[in-house]
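Working notes, structure below.
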Amino acid sequence: MPLTPDQRAMLQLLLERDQGYAELATLLGVERAEVSARARAALTSLGGADPDRNVGLTDYLLGQADPIGRADASRHLRDDASDRALATTLVERLRELYPEARLPRLPGEPRSGRILGRARGGPSEAAEPRARRRVRTGGLSRSQTRLLVVLGSAAVLVVAVVLAVTGVFGDGEDSRAASAQPTSTTAAATADERIQRVALRPPDGGGDATGEAVFGVASGDQPFVELSIEGLDPAPQGETYVIWMMLTGDKGYPLSPITVTEQGTYADRFPIPAAVLPVIARVHTVEVAIASVKEVRKTVRSAIDETSLVLDRPGATVLRGKIPAGQQRGQGSGSS
């Protein structure tokens, strides 16, 4: 079974970006065990069988096992031909998908021109300092650029996960499926604190659509953005609306695609991952834009390939709201 886009993005960060379960758990706002379970499910899909049916092969293959776990897995693979065959299949598939992956040499595997999944010879790009890799910054300040170098891989994962879960990466072209699975809940706890409200209006003053974006902090110190819209026509087939947190005139961070009802309404809440809080704090405007699903898919795939956080917003803006200058630093900062 092929990997889903969010599984591919997660494995890329684990294998090629030196991220661990703990970092991804913090990023996604879930427990470490949940990230481990997702990784196990990804390898199960990739290999056609549960890699952890007898021993912890998932952690072993993804570089997340402790010394005892590595020793146990290595010992087991020497004795169990079936699991060794599964591990061999997984290593081969992972090397195909992630050429820069640091993969273990399995017991009995002949030594070749590869060490930890990389070719011998000249220096690898992965060996270069992270800051020297190309990260598009969209003309931001030097401090913002440094921030993006640090957060680039993690934040691009957020983009991939959000857009994959909601269907924009799917094979279907019908945008009405894009938000079939809401990314969050509209139920608000009584302890929620709403910090900033941003009115959304058509940029040209025409049309009947209106909306509001509310930045706040939920109980448990979870920052969020609530979006409500009225009077917006459903997107035509093959197109989708996307919420954008704009840092410059035409570049920003895509929070999520949305699908309005037949009555032209929408309401949902989106938790803000910790890794992108500093970026959200520098947002100037909130926009809802419409673009073809193909355009959105191409834009996000390019961002993942190039470790780019600030994306060129495709399509046309249908709603826009400017964040007051005095609030730009505070809306995503939680209780600070």
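By my numbering, the letter at position 40 of the sequence shown is numbered 327, and the numbering carries on one by one without gaps. Glycine included, each C-beta is placed from N, C-alpha and C at the ideal position.
| message | I need the straight-line Cα distance from L542 to I482, nearest angstrom please. | response | If I take the Cα positions, the gap works out to 18 Å.
| field | Closest residue to L290 among A328, A320, G498 (Cα-Cα distance) | value | Out of A328, A320, G498, A328 has the C-alpha closest to the C-alpha of L290.
| So M533 packs on V570, CB below 8 Å; how close in whole Å? | 6 Å
| task | Compare the beta carbon distance of R488 and L390 with 8 Å and say whether it is the shorter of the two. | result | Taking 8 Å as the Cβ cut-off, R488 and L390 do not qualify as a contacting pair.
| Residues in its own chain within less than 7 Å of T375 by CB, not counting five upstream and five downstream? | Excluding positions up to five away in sequence, the list reads L393.
| query | Taking DSSP as the reference, what is the three-state secondary structure of S369? | reply | Three-state result, S369: helix.
| field | For E480: DSSP bridge partner residues | value | Here E480 is bridged, per DSSP, to V504.
| query | Cβ atoms of L333 and V378: under 8 Å apart, would you say? | reply | no
| request: For my contact list, R380 and A388 are in at a C-beta cut-off of 8 Å; report their separation, rounded to the angstrom. | output: Actually they do not touch by this definition, with Cβ atoms about 11 Å apart.
| Since T535 contacts V580 with CB under 8 Å, what's their CB separation in whole angstroms? | Contact flag wrong, Cβ pair sits at about 24 Å.
| message | Cutting at 6 Å between CB atoms, please list the residues of its own chain near Y553, excluding the five before and the five after it. | response | I516, I545, V547
| task | Starting from the C-beta of L298, find all residues in its chain whose C-beta is less than 8 Å away, skip the five residues before and the five after it, and write them out in chain order. | result | Excluding sequence neighbours, L298 sits near L290, A326, A329, L349, L381, L384, Y385.
| query | Would D508 pass as a contact of G551 if the rule is Cβ separation under 8 Å? | reply | no
| message | Helix, strand or coil for A555? Go by DSSP, reduced to three states. | response | Note on residue identity: the sequence assigns Asp, not Ala, to residue 555. In the structure shown, D555 sits in a strand (DSSP, three-state: E or B).
| said: Does the distance between the C-beta of P541 and the nearest non-hydrogen atom of the ligand ATP fall short of 7 Å? | reply: By its list of ligands, the structure shown contains no ligand whatsoever, and the ligand ATP lies outside what it can speak to.
| Among A324, V501, K538, which one has its Cα closest to the Cα of A312? | A324
| Close beta carbons around A336, own chain, < 6 Å, minus the five adjacent residues each side | The answer, listed in chain order, is L373.
| request: Provide the residue span of the beta strand (DSSP E) that contains A320, from first to last. | output: First-last for A320: 319-334, but that is the alpha helix (DSSP H), not the beta strand (DSSP E).
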